[in-house]
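Chemist: Take a look at this one; I'll ask things after.
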Amino acid sequence: MIRVIIVDDHDLVRSGLGALLAAEPDLDVVGVFADGRGAVDFVAEHPVDVVLMDLAMPGLDGVAATRLVREASPATAVVVLTTMPDDEHVERALRAGAIGYHLKSGSTGALVAAVREAHRGRRSYSPEVLDRLTERFVAAAEQQRPGGGVPPELASLTPRELEVLVEVGRGRTNPEIAAALHLSPTSVKTYVTRILAKLGIANRVQLVVLAFRTGLVSSDAVD
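Numbering (our numbering), first residue to last: 2 to 224.
Rendered as structure tokens:
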């Protein structure tokens with residue numbers, strides 16, 4: 002069983018999430034808290050696998066609580082669940098140690114999947130958040146290249162194709178990429194085939210090499 006606690010200052014959110022997760026046979030909601038301090042104190046005394054953490058809360062906010070939870074129990078994963086998709090909040094949460102960042106407007110299925118992914122040590126994001134992160138990542142890679150600009154061999158790829166290429170470079174399978182990008186495995190296969198054709202590359206191994214060579218993926222980003 003995956004032991005989960007819920008941290009949110011809204012009663013309806015707490016009760017709704019509790020009911021959603023309790024319906025899953027492999028999830029066990031072991032605590033529900035209205036503030037970050039209660040969650041931190043609980044994690045320090047009890048084994049918890051995943052924390053679903055709101056950000057905007059009175060007292061100890063979600064970012065500070067995430068940092069303290071990770072310090073108290075490095076084995077505990079924190080998935081942020083919030084209404085705020087802006088870069089500042091995303092960056093602060095990830096720097097504090099969150100492994101996932103999801104919006105409350107997302108689907109219940111994606112949230113349940115995020116809890117399971119976090120328990121496996123894998124990152125996950127809402128599609129809107131992932132798009133913003135990918136744009137920033139690609140922009141940073143461009144700036145690091147001598148002379149800047151998109152590598153000529155990648156100029157023909159769309160932003161979504163670049164996202165898929167990044168995941169391929171990290172060594173993920175099509176089902177894993179589908180889960181990370183909230184696509185169907187069939188769609189991922191189509192994207193990979195299209196990328197191979199656009200780049201004139203014969204196989205997936207060469208895609209991985211290209212992702213490293215162009216700076217889209219670094220060695221510490223491989224699962």
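By construction, the Cβ of each residue, glycine as well, lies at the ideal position given by its N, Cα and C atoms.
Owing to the predicted nature of the structure, the values given are computational and were not obtained by experimental measurement.
Report the partner residues of Asp-29 according to the DSSP bridge assignment.
Modeler: DSSP, once it has assigned bridges, lists Arg-4 as partnering Asp-29.
Chemist: In or out: Ser-127 buried (at least 16 other Cβ within 10 Å) or exposed?
Modeler: So Ser-127 ends up on the buried side.
Chemist: Ala-179 bridges to which residues according to DSSP?
Modeler: The partner list for Ala-179 (beta bridge, DSSP) is empty, contrary to what the question assumes.
Chemist: Taking just the CA atoms, how far does Leu-166 sit from Ile-196?
Modeler: So the alpha carbons of these two residues sit roughly 8 Å apart.
Chemist: Taking the alpha carbon of Asp-9 as the reference point, which residue from Asp-29, Ala-198 and Ala-40 has its own alpha carbon closest?
Modeler: Selected option, being the one with the closest Cα: Ala-40.
Chemist: So the alpha helix (DSSP H) Thr-67 belongs to, where does it begin and stop?
Modeler: Start and end: 63-73.
Chemist: Report the start-end ranges of each alpha helix (DSSP H) in the segment 79-147 that is 4 residues or longer and not cut off at the edges.
Modeler: As far as the segment 79-147 is concerned, its whole alpha helix (DSSP H) runs of at least 4 residues are 88-97, 109-120 and 128-145.
Chemist: Over what stretch of residues does the alpha helix (DSSP H) that includes Val-206 continue unbroken?
Modeler: Run containing Val-206: 205-214, per the alpha helix (DSSP H) assignment.
Chemist: Does DSSP put Leu-53 in a helix, in a strand, or in coil?
Modeler: In the structure shown, Leu-53 sits in a strand (DSSP, three-state: E or B).
Chemist: What is the rounded straight-line gap between the Cα of Glu-89 and the Cα of Asp-132?
Modeler: Distance between the alpha carbons of Glu-89 and Asp-132: 15 Å.
Chemist: In three-state terms, what does DSSP make of Ser-16?
Modeler: If DSSP states are grouped into helix, strand and coil, Ser-16 belongs with the helices.
Chemist: Take Leu-184 as the anchor and find which of Glu-162, Ile-202, Leu-200 and Thr-77 has the nearest alpha-carbon.
Modeler: Comparing Cα-Cα distances from Leu-184 to each of Glu-162, Ile-202, Leu-200 and Thr-77, the minimum goes to Glu-162.
Chemist: Going by the CB atoms, is the gap between Ser-74 and Val-49 shorter than 8 Å?
Modeler: Yes, these two residues count as a Cβ contact at 8 Å.
Chemist: Just the Cα atoms here: how many angstroms apart are His-120 and Pro-26?
Modeler: Those two C-alpha atoms are separated by around 15 Å.
Chemist: Please report the residue range of the alpha helix (DSSP H) in which Ile-231 lies.
Modeler: It is not possible to answer for residue 231, since the shown part of the chain is limited to 2 through 224.
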